[in-house]
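Numbering (the working numbering), first residue to last: 20 to 181.
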C-alpha cells in the first residue's frame, strides 16, 4: 500500500494528462465542459464535469480519451528521452512518459459513466452494446491494478519503443 501511495504521488503529471484527455475530447466533440480539476489531493484526484453528450460515440471517446491521449503522450515523451541520452532531460521525459501511461487507464468513475450511457443509448443505437464489455474491462483492469498492470503497461510502452 505504501508503494502504491508513493507511486501515485510521483505520477501526479499523469493525472493532469488523464484529465486533459477527457477535456480534449469534450472540446473536440463539442461537449460543453462545466468544470475541470486537473489535480487535487483527494479522491478523485482530478475530474472533468461536462454536459451529457448527445451520442454514444461522444461518450465512448470522452471515456477513453485519457487512454488515447495518455498513451500517445507517453510514446512521445519516451521518444524525446532518446534524444537526451545521459542528460537530466532524458529522465524528465521518462518520468513524464511513465506518469502518463501509468494514469492513462479509465477510472471506475469512467466505467460507471460508460455503463449508464450504454443503458441510455442501447435502444437508439444497437452499437452501444459495446459499452458493456468495455465497462467491464475497465472495472477488471482497475481491480487488477493490485498486480501493477498499470506499471507493466507504462514499462512495456517504453521497451516497445526501444
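Note that CB positions come from ideal geometry on N, CA and C, so glycine has one too. Small disclaimer: the values here were computed from a predicted structure and weren't measured.
If I follow the unbroken beta strand (DSSP E) through residue i, where does it start and stop?
i, result
"residue 66", "66-69"
When you compare the CB positions of residue i and residue j, do they come within less than 8 Å of one another, or not?
i, j, result
"residue 115", "residue 40", "no"
"residue 118", "residue 85", "no"
"residue 198", "residue 97", "Coverage of the chain is limited to positions 20 through 181, which leaves residue 198 absent and any answer about it impossible."
"residue 35", "residue 57", "yes"
"residue 150", "residue 79", "yes"
Are any of the Cβ atoms in chain B nearer than 8 Å to that of residue i?
i, result
"residue 132", "Absent from the structure is chain B; it holds one protein chain and no more."
CA-CA distance, residue i and residue j?
i, j, result
"residue 33", "residue 135", "26 Å"
"residue 101", "residue 152", "37 Å"
What did DSSP end up calling residue i once you bin it into helix, strand or coil?
i, result
"residue 104", "coil"
"residue 50", "coil"
Alpha helix (DSSP H) containing residue i: first to last residue?
i, result
"residue 173", "168-180"
"residue 152", "150-162"
### Task
Report yes or no: do the stretch 154-164 and the stretch 126-136 share at least 3 C-beta pairs separated by less than 8 Å?
Counting C-beta pairs with one atom in each stretch, the stretch 154-164 and the stretch 126-136 have three or more that are closer than 8 Å, which means they touch.
### Query
Can we say the stretch 101-116 touches the stretch 67-79, given the rule of at least three CB pairs closer than 8 Å?
Because the criterion of three Cβ pairs below 8 Å is not met, the stretch 101-116 and the stretch 67-79 do not touch.
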